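Undergrad: Numbering (my numbering), first residue to last: 403 to 1269.
Just so you know, even glycine gets a beta-carbon here, dropped at the ideal spot from N, CA and C.
The structure displayed is predicted, hence computed values, not measured ones.
Have a look at the structure that comes next, please.
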């Protein structure tokens, strides 16, 4: 790394072109992409920092921002109005939110205000913290934040501090903190665990949080809110700014970043960043659609797109789908193999970094990826994005489209590939919602007490706290604005002495009162807490390693447990044969030919988002009125015509239901178009409420479009649907709890709650407990609470999270209200319709048979088509 240039003298005589600007124009610093190209596989070299750094030479008051504008000009840019607005708002002492399209320059909009202040302050020490949810992109962010500092010749230090940072670098940063620090939510919380945290952060002036839409409605977002509240106490006058590109509830999101009671600045811009959307329409559309049946039959059209110039990002919705598409492309075009790559979160980090470096360098023709490349990375050589299947959300589609032509004002080229015929209508709805900018809202979580319990221990370890002060501090966040004194006291008791049920166990006496302050000493419990900081709770994983070779990545324990020696599977883009499981490592060897199966990772499928669900209902309504237009709807014409002929197409304000008798029994199909998770809750709820009126047993099936109830005997479905009580929101939580085994689901969900709250520990690095061990430990605590402390607030939280996550409770409540107010169109049909057929396939896929699913579907199609 080059030594920093000397700053221009404050009293230098005016020149037509300042020296710093001439140096930047004629000797510009290497761009981030150029550095990555030169050393695509190399990690950044450790920065040599002297024990005592030289004092800074500040520019004249007010000159720093003008110099940064000059740096913009040197890059061939001109500041946008929204960037100037953000810089002015920061200088005026405001916190806020920068919400502009991806690739428009929001990073420098949020950064240059604090940077100008740091340059003019002329002092050493930590002044700016930049929080990113992805540690994999911290290196790129570091290069972007460092570029203007080095070009202007100032000696400010810009460094990263994540889980990948070496221990020696972390120790040095504690002694000599850089002026600008890039970190993650977890690493920020670890820094708050330092006994001298108040002094370390005392000179902090600004915290910038990237990808706020990704964090806001998660426990990681809650963790960030609590950390920001703590930092505001350590550094009065601190300003906090969040950055996002895909949010609907901007005011709420801005308040969450700035803190409750503040008046945040909201910086937005309607920059023209067009998204050119093209759908790859299948040559033939089957009138018997079922999920995934198009799949790789769309390979040839995708290969045509990949033949274009530049790099293409091929996004899939699951890791298993990414593995299959990568392998299919490589087999179809073997001469491309050296120019193809695979990227998802279960691959080894070294391999992911190799792919990211190659993307920056433009060495790949195509990279098949999941959401692991959705966020925060600027890959300039990427010219187009291909989305396999529906994105299931408008914000996700915008985020992925923004990876192409990642330059202000440049249009994004987006190609959509349906994986089943009905998805043509879903893609048409996505295109319509995209044109309207109908992105989804993200709200802060409501009082997750497990995150608060972890934060209390962090604060005790990081210098201690007074309960009344910390209570006021915590209530300054959006997530805990309604936290009651009793709830806070309950959490404090839990971490102080284990609460009502665990007080007899010393391991749960984590903090102690000393002269009115709660503190935590060093020792085993402190080490365990530091090892467990964070809110990400993954399924238990097993490392996959070539026998006598490199580690390829991880798969989930459940998948490996079903393998026998010799079984083949597809992983890391290659067919592998399982050899043995030893010490949490699955040893494998290369397998000849094709693999027999692909790992299925937990939580693979995204449900339909509220915005896209609304757009889908509108699209069917237009089709019912004969107003459907666009290539997708024209291609879906045979399906829509068959649906209208056999039953009906629901208009807006209507709900379509169908009843049908087959050899299996009496079927009810309902199509609310609310998404898979809502339909799971709705199906269970309807089965319970209908069986109360008349005892019956139902089999259930759901997808994103509707639900099926199957009764072996004839059932009066029409009468039940006419009853308003069937869709009453009152008693929803109790009925859902009765309709499914919420107790068992809550017991599994409690594993996450217990881990975040610090009641169970996953172990130290390299010695993590398995998912089975964690489940056993959390299950024991769950039973202790259930028997001896049934009103335990963490038990209530686990039950609440099950209903919210499993069935999207608030959406389910809204759906019930809509269904009760809608006009019902009930159609008796002689056989399942195009909308009902996928639900039959969904149920068939869950049953055992000597026939393959494809054979059973083909047999059903022949029966369906028979007169």
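With DSSP as the reference, please indicate the residues paired to residue 745 in a beta bridge.
TA: Taking the first residue of the chain shown as 1, we reach residue 745 at position 343. According to DSSP, residue 745 bridges with 771.
Undergrad: How would you call residue 541, buried or exposed, if buried means at least 16 neighbouring beta carbons within 10 angstroms?
TA: Against the chain shown, residue 541 aligns to sequence position 139. Flag for residue 541 reads buried.
Undergrad: Compute the distance between the beta-carbons of residue 625 and residue 587, then report whether it is under 7 Å.
TA: Taking the first residue of the chain shown as 1, we reach residue 625 at position 223. Taking the first residue of the chain shown as 1, we reach residue 587 at position 185. Contact: yes.
Undergrad: With which residues is residue 992 paired in a DSSP beta bridge?
TA: Within the chain shown, the letter at position 590 stands for residue 992. DSSP, once it has assigned bridges, lists 978 as partnering residue 992.
Undergrad: In the DSSP assignment, find the unbroken alpha helix (DSSP H) run with residue 550 in it and report its ends.
TA: Within the chain shown, numbered from 1, the residue matching residue 550 stands at position 148. It spans 540-554 - the alpha helix (DSSP H) in which residue 550 sits, taken as one unbroken run.
Undergrad: Quick check: residue 769 and residue 743, are their CB atoms within less than 7 Å of each other?
TA: As a first step, residue 769 must be located in the chain shown, where it is residue number 367. As a first step, residue 743 must be located in the chain shown, where it is residue number 341. Yes; because the gap between Cβ atoms is below 7 Å, this pair is in contact.
Undergrad: State yes or no: is the C-beta of residue 543 within less than 7 Å of the C-beta of residue 608?
TA: The sequence position of residue 543 within the chain shown is 141, counting from 1. The sequence position of residue 608 within the chain shown is 206, counting from 1. No, they are not a contact pair.
Undergrad: Hey, residue 1111 and residue 1100 are a contact pair by Cβ (cut 8 Å); roughly how many whole angstroms apart?
TA: By one-based count along the chain shown, residue 1111 stands at place 709. By one-based count along the chain shown, residue 1100 stands at place 698. Yes, they are in contact, since the Cβ atoms of residue 1111 and residue 1100 sit about 5 Å apart, within 8 Å.
Undergrad: Compute the Euclidean distance between the alpha carbons of residue 909 and residue 861, then round it to the nearest angstrom.
TA: By 1-based counting over the chain shown, the position of residue 909 is 507. By 1-based counting over the chain shown, the position of residue 861 is 459. Near 18 Å, if we compare the C-alpha coordinates of residue 861 and residue 909.
Undergrad: Is the CB-CB distance between residue 599 and residue 865 below 7 Å?
TA: Here the question's residue 599 lines up with position 197 in the chain shown. Here the question's residue 865 lines up with position 463 in the chain shown. In this structure, residue 865 lies closer than 7 Å to residue 599 by Cβ.
Undergrad: Along the chain, where does the alpha helix (DSSP H) that runs through residue 1024 open and close?
TA: Position 622 of the chain shown, counting from 1, holds the residue named residue 1024. Looking at the DSSP string, the run of the alpha helix (DSSP H) that includes residue 1024 is 1012-1026.
Undergrad: Per DSSP, what kind of secondary structure is residue 815 in: helix, strand or coil?
TA: In the chain shown, the residue the question calls residue 815 occupies position 413. Three-state DSSP puts residue 815 in a strand.
Undergrad: Just mark residue 558 as buried or exposed, buried being the case when its beta carbon has 16 or more other beta carbons within 10 Å.
TA: In the chain shown, residue 558 corresponds to position 156, counting from 1. Flag for residue 558 reads buried.
Undergrad: For residue 646, does the count of other Cβ atoms within 10 angstroms reach 16, so buried, or fall short, so exposed?
TA: Numbered from its first residue, the chain shown carries residue 646 at position 244. It is buried - the Cβ of residue 646 has at least 16 other Cβ atoms within 10 Å.
Undergrad: Hey, would you say residue 971 sits closer than 7 Å to residue 999, going by beta carbons?
TA: On the chain shown, position 569 is the one that residue 971 refers to. On the chain shown, position 597 is the one that residue 999 refers to. Against a cut-off of 7 Å, the Cβ pair of residue 999 and residue 971 comes out as a contact.
Undergrad: So residue 857 and residue 628 are supposed to be a Cβ contact under 8 Å. How far apart are they, rounded?
TA: On the chain shown, residue 857 is found 455 positions in, with the first residue counted as 1. On the chain shown, residue 628 is found 226 positions in, with the first residue counted as 1. Yes, they are in contact, since the Cβ atoms of residue 857 and residue 628 sit about 5 Å apart, within 8 Å.
Undergrad: Can you tell me which of 902, 895, 1024, 903 puts its alpha carbon nearest to the alpha carbon of residue 913?
TA: Residue numbering aside, residue 913 sits at position 511 when the chain shown is read from its first letter. Nearest of 902, 895, 1024, 903 to residue 913, Cα basis: 895.
Undergrad: Select from 469, 1235, 506, 878 the residue whose C-alpha is nearest the C-alpha of residue 554.
TA: For this step, residue 554 is matched to residue 152 along the chain shown. Closest by alpha carbon: 469.
Undergrad: If you reduce the DSSP assignment to three classes, tell me which class residue 830 lands in.
TA: Reading the chain shown from its first residue, position 428 is the one you call residue 830. Helix at residue 830.
Undergrad: Hey, would you say residue 1192 sits closer than 7 Å to residue 1044, going by beta carbons?
TA: Residue mapping note: residue 1192 aligns to position 790 of the chain shown, counting from 1. Residue mapping note: residue 1044 aligns to position 642 of the chain shown, counting from 1. Result no, Cβ atoms of residue 1192 and residue 1044 do not sit closer than 7 Å.
Undergrad: Closer than 6 Å by C-beta to residue 845: which residues in its own chain qualify, once you throw out the five before and the five after it? Chain order, please.
TA: For the purposes of this step, residue 845 is identified with residue 443 of the chain shown, where counting begins at 1. Closer than 6 Å at Cβ, skipping near neighbours: 619.
Undergrad: Short of 6 Å in beta carbon distance, which residues of its chain neighbour residue 765, apart from the five on each side in sequence? Order them along the chain.
TA: As a position in the chain shown, residue 765 is number 363, starting the count at 1. For residue 765, where only same-chain residues beyond five positions count, there are no Cβ hits under 6 Å.
Undergrad: Starting from residue 1285, trace the alpha helix (DSSP H) in both directions and tell me its first and last residue.
TA: Absent from the structure is residue 1285, since the part of the chain shown begins at 403 and ends at 1269.
Undergrad: Can you tell me whether DSSP reads residue 700 as helix, strand or coil?
TA: Against the chain shown, residue 700 aligns to sequence position 298. Looking at residue 700 - three-state DSSP - the assignment turns out to be helix.
Undergrad: Helix, strand or coil for residue 1209, going by three-state DSSP, please let me know.
TA: As a working mapping, residue 1209 is identified with position 807 in the chain shown. Residue 1209 falls in the helix class under three-state DSSP.
Undergrad: With DSSP as the reference, label residue 595 as helix, strand or coil.
TA: The residue given as residue 595 occupies position 193 in the chain shown. Correct three-state label for residue 595: coil.
Undergrad: Three or more C-beta pairs under 8 Å: does that hold for the region 501-508 against the region 568-578?
TA: Output reads no: the region 568-578 does not touch the region 501-508.
Undergrad: Taking its Cβ as the centre, do 16 or more other Cβ atoms sit within 10 Å of residue 463, making it buried, or is it exposed?
TA: The residue given as residue 463 occupies position 61 in the chain shown. Classification of residue 463: exposed, given that the 10 Å Cβ count is below 16.
Undergrad: Alpha carbon to alpha carbon, how far is residue 1039 from residue 1063?
TA: Along the chain shown, one-based indexing puts residue 1039 at 637. Along the chain shown, one-based indexing puts residue 1063 at 661. Distance between the alpha carbons of residue 1039 and residue 1063: 27 Å.
Undergrad: Do you know whose CA, among 623, 534, 901, 1160, lies nearest residue 933's CA?
TA: Looking up residue 933 in the chain shown gives position 531. For residue 933, the nearest C-alpha among the options comes from 1160.
Undergrad: Mind checking residue 366: buried by the 16 CB within 10 Å criterion, or exposed?
TA: No information on residue 366 is available, as it lies outside the stretch 403 to 1269 that the chain covers here.
Undergrad: Might you give, ordered along the chain, the residues of its own chain that have their beta carbon closer than 7 Å to the beta carbon of residue 793, omitting 5 neighbours on each side?
TA: In the chain shown, residue 793 corresponds to position 391, counting from 1. Contacts found: 799, 802, 832.
Undergrad: Quick check: the Cα distance between residue 931 and residue 859, rounded to an integer number of angstroms?
TA: One-based indexing of the chain shown puts residue 931 at position 529. One-based indexing of the chain shown puts residue 859 at position 457. Roughly 8 Å separates the two Cα atoms.
Undergrad: Classify residue 678: buried if its beta carbon has 16 or more other beta carbons within 10 angstroms, exposed otherwise.
TA: Position 276 of the chain shown, counting from 1, holds the residue named residue 678. Exposed, by the Cβ-count rule.
Undergrad: Kindly give me the distance between the Cβ atoms of residue 819 and residue 788, rounded to whole angstroms, as I take these residues to be in contact under 8 Å.
TA: On the chain shown, residue 819 is found 417 positions in, with the first residue counted as 1. On the chain shown, residue 788 is found 386 positions in, with the first residue counted as 1. Between residue 788 and residue 819 the Cβ distance is about 6 Å, and since that is below 8 Å, they are a contact.
Undergrad: With which residues is residue 501 paired in a DSSP beta bridge?
TA: Position 99 of the chain shown, counted from the first residue, corresponds to residue 501. DSSP lists 646, 670 as partners of residue 501.
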